[in-house]
Amino acid sequence: MTELIDRYAVFGNPVEHSRSPQIHKLFAKQTDQSLIYTAELAEIGQFDQAVKNFIKDNGKGLNITVPFKEDAWKLAQKHSDRAKRAGAVNTLRLEQDSSLYGDTTDGTGLVRDLMDNHHITINNKTILIVGAGGAVRGVIEALLQQRPASILITNRTRKKAVQLAEDFSDLGNIDGCGLDEISDDSFDIIINGTSASLHGDLPTLPDSIFAKHSCSYDMMYAAQATVFMQWSIDNGVTHVFDGLGMLVEQAAESFYIWRGVKPETVSVIREVRNSL
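Numbering (this note's numbering), first residue to last: 906 to 1181.
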């Protein structure tokens, strides 16, 4: 009887532009793991059934992207502590007892990219995060664990930023405010956690948030510098990065959760970058 190959996939809608199959194929080759990884379009309202069907077809684990991260959280019977905090799941693993374990690897991905790949120190730094959606919620705990001096979340809807800061206030010095409430202070690290760059839009923030020593990080990525990155460069910032490294690093953490093997990421980031 032919042995079935373990299947993994990313579920999203849309999902056709996902880099995850390329990344995990490189991880599998590098670590000599036998598996199949695909991108699967799940229909809105049909997520739970799509997961069940995938598991029946020898599915062992999933990455979850928009708009299903909260659905995945509800579907999982067990959660990591960081997933409980985030209220969202981007990694599902099928357990021996056929239950689903949910985890989130976005925060780990961001911190590893900043610290390991770009050699940015987070400890004792002032951080400004633009946006208060799911992408930001998923990274706050990991950032606070590095003990920054402060985190300020700013968002078009002030209420969302303030609420998000309150949700994590027991972990460190964190506040929220509206975009129009930003003072003339500069920050050590500025993170764009909105998808505005994909549409060529910039948040309405003063240029004064940047200093020459600042690090500017856009969670989005593209073949060229995003508008947020270009705005940072135009304001004299020299440490300017996009989110491709975060994507690969969070994928590596998911791979480790599934397979118990940690892949090397630098060469994978380079290969994916060259294919953009």
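Glycine residues also receive a C-beta, built at the ideal position from the N, C-alpha and C atoms.
- In the structure shown, residue 1126 falls within a coil segment according to DSSP collapsed to helix, strand and coil.
- Annotation: the continuous alpha helix (DSSP H) that includes residue 936 extends over 925-936.
- A residue is called buried when at least 16 other Cβ atoms come within 10 angstroms of its Cβ; residue 1181 does not meet this threshold and is exposed.
- According to the DSSP assignment, residue 947 belongs to no beta strand (DSSP E), since it is labelled neither H nor E.
- Residue 1057 and residue 1098 have their C-alpha atoms spaced approximately 12 Å apart.
- The DSSP-derived three-state label of residue 1052 is coil.
- Rounded to whole angstroms, the separation of the alpha carbons of residue 1105 and residue 1092 is 23 Å.
- Beta-carbon to beta-carbon, residue 946 and residue 920 are separated by about 5 Å, close enough to satisfy the 8 Å threshold.
- By the beta-carbon neighbour count (other beta carbons within 10 angstroms, threshold 16), residue 1047 is buried.
- Residues of the same chain with a CB within less than 7 Å of the CB of residue 1116, apart from the 5 flanking positions on each side, are 1091 in chain order.
- Distance from residue 1014 to residue 1154 at the Cβ level is roughly 4 Å; contact confirmed, criterion being Cβ atoms closer than 8 Å.
- DSSP links residue 1006 through a beta bridge to 983, 998.
- Residues of the same chain with a CB within less than 7 Å of the CB of residue 1111, apart from the 5 flanking positions on each side, are 1087, 1089 in chain order.
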